[in-house]
Amino acid sequence: MLWLAENNANPPDPADIMTLGAVAPSGNPFTPDEVESTAAYLEAVGLIQGPKAWGRSMPLRVSLTPDGLRCVRDVGGDVTAWNDRLRPSYTDQSVNVNAGRDAQVAAHSQYVNQAQNASSVKVDKLLDAASGARDLLPSLATVAGVDTREVEVVVKEIEAEGATAEPDHGKLRRLGTRLKDLLGPGAAALALVRFTVEAITNALS
151 MLWLAENNAN PPDPADIMTL GAVAPSGNPF TPDEVESTAA YLEAVGLIQG PKAWGRSMPL
211 RVSLTPDGLR CVRDVGGDVT AWNDRLRPSY TDQSVNVNAG RDAQVAAHSQ YVNQAQNASS
271 VKVDKLLDAA SGARDLLPSL ATVAGVDTRE VEVVVKEIEA EGATAEPDHG KLRRLGTRLK
331 DLLGPGAAAL ALVRFTVEAI TNALS
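In the working numbering, the protein residues as written are 151 to 355.
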């Protein structure tokens with residue numbers, strides 16, 4: 151993100167970062183798959199933008215979106231910290247709530263548990279995260295403990311359910327949770343997998 155910010159006036163090709171000797175959090179040079187997956191993820195979460203060409207999943211030239219610029223300005227380009235800022239926050243204050251019969255409110259609690267929305271899933275965001283997981287399959291194949299075949303199966307199930315006229319949010323929540331569990335070993339080894347796991351968490355929250 152910081153590299154993109156430095157070059158935002160003249161949007162670069164994301165692949166150019168490999169020629170600069172930059173290294174991934176693992177300490178190894180970025181691979182083409184990692185660069186492509188990173189660009190696809192940052193575009194999916196609205197931090198970068200740029201034109202695309204047929205047969206290429208990442209933009210040809212990348213510039214930061216307004217949110218991308220705010221990410222750099224406010225949290226130094228730390229995407230994890232930026233995502234954390236977007237999660238709902240709660241205040242420890244007593245409130246008066248006119249709740250329907252399906253809502254459960256604990257006295258002096260900051261939480262309102264509305265039963266009918268308990269299983270709601272951000273379907274579009276979950277589909278984006280599942281697509282990101284699919285893009286990471288080549289990298290995941292090198293990580294011990296990750297069943298890439300099962301990851302691919304779960305991704306396909308998420309995409310199939312998400313494409314229905316009325317997706318089953320309960321089923322999507324179960325599949326999303328399963329995908330997070332499958333990606334768990336990879337999150338410790340690859341930053342891109344960690345970002346994908348965070349994207350799934352955001353979709354299920």
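From the three backbone atoms N, C-alpha and C, an ideal C-beta is built for every residue, glycine too.
task: Out of 270, 274, 308, 180, point me to the one whose CA is closest to residue 341's CA.
output: 180
task: Whole angstroms is fine: what's the gap from residue 304's alpha carbon to residue 214's?
output: 32 angstroms
- request: Assess, as a yes-or-no matter, whether the segment 313-325 is touched by the segment 333-351 under the definition of 3 or more beta carbon pairs within less than 8 angstroms.
  value: no
- prompt: Helix, strand or coil: how does DSSP classify residue 289 here?
  reply: helix
field: Rounded C-alpha distance that separates residue 333 from residue 299
entry: 12 angstroms
- request: To the nearest angstrom, report how far apart residue 277 and residue 312 are at their CA atoms.
  value: 7 angstroms
field: 6 angstroms Cβ shell around residue 268 - same chain, five flanking residues per side excluded
entry: Note on residue 268: pLDDT 46, under 50, position unreliable in the model; no value is reported.
Pick from 326, 197, 212 that is closest to residue 227, judged by C-alpha positions: 197
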